[in-house]
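Number of protein chains: 2
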Amino acid sequence: MLSGVTTDPELDGLAAVDLSDTPGLDRFYGVIPAGGVGTRLWPLSRAAAPKFLHDLTGSGQTLIRATYDRLAALAGDRVMVVTGEAHEGAVREQLPDLASEDTVLEPEPKDSAAAIGLAAAILFERDPETIMGSFAADQVIGPVEEFQEAVAEAVATAATGKIVTIGIKPTHPATGFGYIRQGEALTVKGAPHAKDVAAFVEKPAEDVAKEYVASGEYLWNAGMFVAPVSLMLHHLAINEPELHAGVVEIAKAWGTPAQAETMARVWPGLKKTAVDYAVAEPAAAAGDVAVIPGGFTWDDVGDFAAIARLNPAKRASGITVIGETPRVYSSKASGVVVTDTARVIALIGVEDIVVVDTPDALLVTTTEHAQSVKQAVESLKAHGDDDVL
Amino acid sequence: MLSGVTTDPELDGLAAVDLSDTPGLDRFYGVIPAGGVGTRLWPLSRAAAPKFLHDLTGSGQTLIRATYDRLAALAGDRVMVVTGEAHEGAVREQLPDLASEDTVLEPEPKDSAAAIGLAAAILFERDPETIMGSFAADQVIGPVEEFQEAVAEAVATAATGKIVTIGIKPTHPATGFGYIRQGEALTVKGAPHAKDVAAFVEKPAEDVAKEYVASGEYLWNAGMFVAPVSLMLHHLAINEPELHAGVVEIAKAWGTPAQAETMARVWPGLKKTAVDYAVAEPAAAAGDVAVIPGGFTWDDVGDFAAIARLNPAKRASGITVIGETPRVYSSKASGVVVTDTARVIALIGVEDIVVVDTPDALLVTTTEHAQSVKQAVESLKAHGDDDVL
């Protein structure tokens, strides 16, 4: 599979480093969970058009397309997407090469353990030796070569029988992410940076986050997991046996005439829980988790302040503009404008402003208050303004 | 005419004080110049929908309708409007009782001397004894009874052969208005507060404005003029003889088959100048101008900060909302939202913000920068964005 990738001249730019002799890479399968509305990016991101379907970096690509391309350079066409039924059309439009059997549609959202567990179970049924690599659809990563080198190390480490996470070297004491405490270095062929995971730790308070960063021992938990599907299922079976039984039942029906009926019957009853709790943390406690420190930049584009960070203002005005046909006038203003309309937008005397202009909803806030957008959405929901959510 | 007003039960509330024996009131004719786009209120106010066609106070009335009602209580149906050709339909819709011969349509804007001069000339042709009272269409005044009492005093004073302005007692050292220095008290029957005008003075610097206010001798020049049409024309003829000849030529054709041709031929050549320079200031120098101090509140709604002032926030949130169907959510925000759309607007963490939401243009600024909106409009014009101006 991989040789097809590295000899494809169109992909040469993406796979400048030859990773084709990475142990386990011939068994690698990319998985992209594409759930989550991205409430803090309302009204741009919303139920009908979640974050991963937007180009939030001005790259010309949606986030899910960029995620797919990053993985395809390593996995070829062996990529599976798990997303909501409502997004089937948009996802197929973004990823025309995605196979039908690799398009897993959730009848309702069930959090990451069910999504990743079902992917693992389906892949296990096809080939129990498969190594999966799960990467969320709505993250921004660069440079892509460094990411791919880290994934290759993770695959090589997973091939030794580990669940491997890729942790991000923290650039500031973020309080919005969980952290990974690194343990002893491992000796793995093809993975010179692999280490044991001593522990996963919850989102810290700011002073704790500062200690973490200062110590050099901690990495951000970016929710990236590379692991033998058998090991994922093993830990899921131990910690969430009902959830495990459910995804295995669906996986056994996958690709058979019973697929739709089984999915519709079993999925709604599955427990909502995160893969961190259901697999990663107990597996770490059992000594089964390793980590590759990723030196690439990583952003989960959690709010509009992130969009400002990821899109440095190119105009002298200090305004970052994201939109197809922006007509923005600004004077003594700075911040971010995201526009989904052809309206003229004039900003005067507003600093660090965030303006998100869509046909049916308008948000005006500041980068400082970007995290509060979630409460606004909750309030709108409480007031029955669901039409714009 | 007036008796018809004071006996109209619907107008009793407006004319609570019986002013019907005011000397000269039987010769009174209201004139409403309705020009000016109100650039500082863009994108609400614009060429196609200027300030006077909006309800900026949440009263349920447009500014021009409120202006008409204030005058009609004194002038009955003797009210003339001078406005742009483009606004004919909107003005007639607002003022269905306005007579055709009292609807003066300018083929192009020519500033106040031409507009008020033509009104004076037309009224002079009808009845040379007429006393006109000119009041801009886009001002907010209250209480209406105090305004009407001041106008009645102005009419009584004008009947003695004066051009009479109504000056506003300043409430703060405004630098955006011209001032009127009051002279000696006059003895006029029916006008106990009439005084000579010592001088009109230009918009002052702030320290000068403070001295003006502290002295108690100065009033704001609100551009209100009550005068015998013959005296207005007399001073116009002395100071702007060509402009005078032009408006007289149009006035002589008014109501005849030659009206349209004469207007189209003569108007475009008229000089653009303000009635202050063409009539009021030279007339004051000649000792022909009196002033009535108006104790009513007055606002020319010059910018969105004025809208905030005139519409105290009624909600605990601190946001003033103007619009037909507002759907505004706010958190830690204060300021003004003017909306012409049915969009949901969410404001988070923005203080003294001004958001003006129209179908094709959006303004985000602060009350502090409200005066800068004019530059934005000029810049948009320079960039060819005329479609939204």
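From first to last, the protein sequence lines stand for chains A and B.
Note that our numbering numbers the first sequence so that position 34 is 34, with each residue one more than the last.
Note that our numbering numbers the second sequence so that position 67 is 67, with each residue one more than the last.
Note that beta-carbon positions come from the ideal geometry of N, C-alpha and C, so glycine has one too.
Checklist line | Closer than 9 Å at the beta carbon, the chain B residues around Ser334(A) | finding: Within the first sequence, numbered from 1, the residue matching residue 334(A) stands at position 334. Near Ser334(A) there are no residues of chain B at all, since even the closest Cβ is about 12 Å away, more than 9 Å.
Query raised in the report: Would the beta-carbon of Val344(B) fall within 8 Å of that of Leu380(A)?
Result: As a first step, residue 344(B) is located in the second sequence; it is residue number 344 there, counting from the start. As a first step, residue 380(A) is located in the first sequence; it is residue number 380 there, counting from the start. Yes.
Q) So Glu390(A) packs on Gly295(A), CB below 8 Å; how close in whole Å? A) Since the first residue of chain A shown is 1 and the last is 389, residue 390(A) is not available in this structure.
How many whole angstroms separate the CB atoms of Ile319(B) and Ser330(B), which I take to be in contact at a CB cut-off of 8 Å?
-> For the purposes of this step, residue 319(B) is taken as the residue at position 319 of the second sequence. For the purposes of this step, residue 330(B) is taken as the residue at position 330 of the second sequence. Sure, about 5 Å apart at Cβ, within 8 Å.
Report task. Find the residues of chain A that neighbour Leu380(B), judging by a C-beta separation of less than 8 Å, and give them in chain order. Result -> Counting from one through the second sequence, the residue named residue 380(B) turns up at place 380. Simply Tyr329, Val344 and Ala346.
With a CB to CB cut of under 7 Å and the five nearest residues on each side skipped, what residues in its chain are close to Val377(A)? Here residue 377(A) refers to the residue found at position 377 of the first sequence. Thr39, Trp42 and Leu389, listed in sequence order.
For this session: Taking only beta carbons into account, state which residues of the region 349-371 of chain A come closer than 7 Å to chain B, listed in chain order.
Result: Gly349, Val350, Ile353, Val355, Asp357, Asp360, Ala361, Leu362, Leu363, Val364, Thr365, Thr366, Glu368 and His369
In terms of residues, what are the limits of the alpha helix (DSSP H) holding Tyr68(A)?
-> By 1-based counting over the first sequence, the position of residue 68(A) is 68. Start and end: Leu63 to Ala75.
**Boundaries (first-last residue) of the alpha helix (DSSP H) holding Pro228(B)** = Locating residue 228(B) in the second sequence gives position 228, where the first residue counts as 1. Segment Tyr218 to Pro228 is the beta strand (DSSP E) holding Pro228(B); no alpha helix (DSSP H) there.
Closer than 7 Å at the beta carbon, the chain B residues around Tyr288(A)
Position 288 of the first sequence, counting from 1, holds the residue named residue 288(A). With the sequence shown as reference, residue 288(A) is identified as Asp, and Tyr is not the correct amino acid for it. Result: empty, since nearest Cβ-Cβ is about 43 Å, beyond 7 Å.
Output yes if chain A places a C-beta closer than 8 Å to the C-beta of Ala90(B); else output no. Position 90 of the second sequence, counted from the first residue, corresponds to residue 90(B). Not an interface residue.
Exercise for review: Leaving aside the five residues before and after Ala342(A) along the sequence, list all residues of the same chain whose C-beta is less than 6 Å from its C-beta, in chain order.
Suggested key: On the first sequence, position 342 is the one that residue 342(A) refers to. Contacts found: Thr325.
Residues bridged to Glu106(B) [DSSP beta-bridge criterion]: For the purposes of this step, residue 106(B) is taken as residue 106 along the second sequence, with counting starting at 1. Glu106(B) is bridged to Gly84(B).
Exercise. What does a CB cutoff of less than 7 Å around Ser45(A) pick up in its chain, not counting 5 residues either side in sequence?
Worked result: The residue given as residue 45(A) occupies position 45 in the first sequence. Within the same chain, Ser45(A) has close Cβ partners Val37, Gly38, Lys51 and His54.
Glu206(A) beta carbon less than 8 Å from that of Gly178(A):
As a working note, residue 178(A) is residue 178 in the first sequence. As a working note, residue 206(A) is residue 206 in the first sequence. No; because the gap between Cβ atoms is not below 8 Å, this pair is not in contact.
Backbone CA spacing between Ala305(A) and Val336(A) [nearest angstrom]
Residue mapping note: residue 305(A) aligns to position 305 of the first sequence, counting from 1. Residue mapping note: residue 336(A) aligns to position 336 of the first sequence, counting from 1. Approximately 8 Å, taken between the alpha carbons.
Output the boundary residues of the alpha helix (DSSP H) element that contains Asp422(A). Outside the displayed range of chain A (1 to 389) lies residue 422(A), so it cannot be described from this structure.
Q. Which residue comes first and which comes last in the beta strand (DSSP E) that contains Ala361(A)?
A. Position 361 of the first sequence, counted from the start, is the residue given in the question as residue 361(A). Ala361 to Thr366 is the extent of the beta strand (DSSP E) around Ala361(A).
Compute the Euclidean distance between the alpha carbons of Gly349(B) and Thr367(B), then round it to the nearest angstrom. Stepping through the second sequence from its first residue, residue 349(B) is reached at position 349. Stepping through the second sequence from its first residue, residue 367(B) is reached at position 367. If you take the alpha carbons of Gly349(B) and Thr367(B), they lie about 15 Å apart.
Given 8 Å as the limit, is there contact between the region 62-77 of chain B and the region 227-238 of chain B, that is, 3 or more CB pairs closer than that?
no
> How is the beta strand (DSSP E) around Arg181(A) delimited, first residue to last?
Replying inline: In the first sequence, the residue the question calls residue 181(A) occupies position 181. Run containing Arg181(A): Tyr179 to Ala185, per the beta strand (DSSP E) assignment.
**Asked** Under a three-way DSSP split, which group does Ser134(B) fall into?
**Response** Residue 134(B) sits at position 134 when you count from the first residue of the second sequence. Looking at Ser134(B) - three-state DSSP - the assignment turns out to be strand.
Handout entry: the region 22-51 of chain A: positions lying closer than 7 Å to chain B by Cβ
Key = none
**Request:** Kindly indicate if chain B contains any beta-carbon less than 8 Å away from that of Asp385(A).
**Result:** Taking the first residue of the first sequence as position 1, residue 385(A) is located at position 385. Chain B, which has a Cβ nearer than 8 Å to the Cβ of Asp385(A), makes this yes.
For Ile238(A), I'd like the list of residues in its chain whose CB is within less than 8 Å of its CB, leaving aside the five on either flank, ordered along the chain. Residue 238(A) sits at position 238 when you count from the first residue of the first sequence. Counting only Cβ-Cβ distances below 8 Å, and skipping sequence neighbours, we find Pro282.
With 16 as the cutoff for other CB atoms within 10 Å, does Pro204(B) come out buried or exposed? Against the second sequence, residue 204(B) aligns to sequence position 204. Buried is the call here.
At 3 residues or longer, and completely inside the region 319-347 of chain B: list those beta strand (DSSP E) runs for me, N to C.
319-323, 327-331 and 335-339
Taking Ala376(A) as the query, report the chain B residues whose CB atoms sit under 8 Å from its CB, ordered along the chain.
The residue labelled residue 376(A) in the question sits at position 376 within the first sequence. What Ala376(A) touches in chain B: Tyr329, Ser331, Ala346 and Ile348.
- Cβ of Val373(A) less than 8 Å from any chain B Cβ? As a first step, residue 373(A) must be located in the first sequence, where it is residue number 373. Answer yes: the Cβ-Cβ gap between Val373(A) and chain B drops below 8 Å somewhere.
### Query
Which two residues bound the contiguous alpha helix (DSSP H) that contains Lys252(B)?
Residue mapping note: residue 252(B) aligns to position 252 of the second sequence, counting from 1. Run containing Lys252(B): Pro241 to Ala253, per the alpha helix (DSSP H) assignment.
Review point. With 16 as the cutoff for other CB atoms within 10 Å, does Lys272(A) come out buried or exposed?
Key: In the first sequence, residue 272(A) corresponds to position 272, counting from 1. It is exposed - the Cβ of Lys272(A) has fewer than 16 other Cβ atoms within 10 Å.
- request: For Ala274(A), I'd like the list of residues in its chain whose CB is within less than 8 Å of its CB, leaving aside the five on either flank, ordered along the chain.
  value: The sequence position of residue 274(A) within the first sequence is 274, counting from 1. Correct list, in chain order: Asp111, Ser112 and Ala113.
TODO: Would you please state the rounded distance, in angstroms, between the beta carbons of Pro228(A) and Ser134(A)? I believe it to be under 8 Å.
DONE: Position 228 of the first sequence holds residue 228(A). Position 134 of the first sequence holds residue 134(A). 13 Å between Cβ atoms; not a contact.
Exercise for the section: Taking all protein chains shown into account, decide if His87(A) is buried (16 or more other Cβ within 10 angstroms of its Cβ) or exposed. Expected result: By 1-based counting over the first sequence, the position of residue 87(A) is 87. Buried, since its Cβ has 16 or more Cβ neighbours within 10 Å.
**Study point:** Classification of Thr365(B) by the beta-carbon crowding that lies within 10 angstroms, buried from 16 upward
**Key:** Residue mapping note: residue 365(B) aligns to position 365 of the second sequence, counting from 1. Label assigned to Thr365(B): buried.
Kindly indicate if chain B contains any beta-carbon less than 8 Å away from that of Val291(A).
If you number the first sequence from 1, residue 291(A) lands on position 291. By this cut-off, Val291(A) is not an interface position.
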